[in-house]
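Note sheet for the following structure.
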Amino acid sequence: MSDDTTIPGIDPSVPPSGDGCVECLAGEGQGWWFHLRRCTACGHIGCCDSSPSQHATAHARSAGHPFLTSFEPGEDWFWNTETEQFYEGPPLAGPTAHPVTQPAPGPAGHVPIDWQQRLR
Numbered sequence: 001m002s003d004d005t006t007i008p009g010i011d012p013s014v015p016p017s018g019d020g021c022v023e024c025l026a027g028e029g030q031g032w033w034f035h036l037r038r039c040t041a042c043g044h045i046g047c048c049d050s051s052p053s054q055h056a057t058a059h060a061r062s063a064g065h066p067f068l069t070s071f072e073p074g075e076d077w078f079w080n081t082e083t084e085q086f087y088e089g090p091p092l093a094g095p096t097a098h099p100v101t102q103p104a105p106g107p108a109g110h111v112p113i114d115w116q117q118r119l120r
């Protein structure tokens, strides 16, 4: 796929919804994440599929927004939840990752001591 800014489902102008999983921070699900993903259509930040609650993919499917991208520092990829394939895409509005001071898994103070056993 090209890096054309008119890819359906990718809006480069939309900023992220925050610096952590919207649902986990609201107390939905387990309340912590392994890694973060960003919806490329609306900027929703959710937790990855290895996280207990898998909010990013749930959002993508319920909202009909198929493209997610990493919201981890140093990662630059796009994933289509419908085709289950990686894609190239345009640069997105910043920030493009959670703050480097925020741990992964996170958020700080909410990750259980046995978090590795709880990954999917």
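Start counting the sequence shown at 1; every next residue gets the next number (the UniProt record's numbering).
Using N, Cα and C, we set each Cβ at its ideal position, and we do this for glycine too.
Original post:
Which whole runs of the beta strand (DSSP E) in the region 80-112 are 3 residues long or more, in chain order?
Top reply: Taken in chain order, the complete beta strand (DSSP E) segments of 3 residues or longer contained in the region 80-112 are 85-87.
Subject >> Outcome for P66 when other beta-carbon atoms lying within 10 angstroms are tallied against a minimum of 16 >> reply: The residue labelled residue 66 in the question sits at position 66 within the sequence shown. P66 comes out buried.
**OP:** Look at G89 and F78 and say whether their C-beta atoms are less than 7 Å apart.
**Re:** The sequence position of residue 89 within the sequence shown is 89, counting from 1. The sequence position of residue 78 within the sequence shown is 78, counting from 1. Contact flag set, yes.
Original post:
For C47, which beta-bridge partners are listed by DSSP?
Top reply: Along the sequence shown, one-based indexing puts residue 47 at 47. Bridge partners of C47: L36.
**OP:** Just the C-alpha distance for G46 and T6, rounded to the nearest angstrom, thanks.
**Re:** Numbered from its first residue, the sequence shown carries residue 46 at position 46. Numbered from its first residue, the sequence shown carries residue 6 at position 6. When rounded, the distance between both Cα atoms is 24 Å.
Original post:
If you draw a straight line from the alpha carbon of W33 to that of A26, how long is it in whole angstroms?
Top reply: Residue 33 sits at position 33 when you count from the first residue of the sequence shown. Residue 26 sits at position 26 when you count from the first residue of the sequence shown. The alpha-carbon atoms of W33 and A26 are separated by roughly 13 Å.
Original post:
Would C48 pass as a contact of R61 if the rule is Cβ separation under 7 Å?
Top reply: Position 48 of the sequence shown holds residue 48. Position 61 of the sequence shown holds residue 61. Not in contact: C48 and R61 (Cβ atoms no closer than 7 Å).
Original post:
Using the rule of at least 16 other Cβ atoms within 10 Å of the residue's Cβ for burial, across every protein chain shown, is C24 buried or exposed?
Top reply: As a working note, residue 24 is residue 24 in the sequence shown. Counting every other CB atom within 10 Å of its CB across the protein chains shown gives C24 a total of 16 or more, marking it as buried.
Original post:
Using CA coordinates, which residue listed in S51, A108, G18 is at the minimum distance from C42?
Top reply: Here residue 42 is taken as the residue at index 42 of the sequence shown, counted from 1. Of S51, A108, G18, the residue nearest in Cα terms is G18.
**OP:** Could you say which of V100, D11, H44 lies nearest to C21 if we only look at CA atoms?
**Re:** The residue you call residue 21 lines up with position 21 of the sequence shown. Cα-wise, what sits closest to C21 is H44.
**OP:** Measure from the alpha carbon of P107 to the alpha carbon of each residue in G31, T96, A56, then state which is nearest.
**Re:** Position 107 of the sequence shown holds residue 107. The shortest Cα separation from P107 among G31, T96, A56 belongs to G31.
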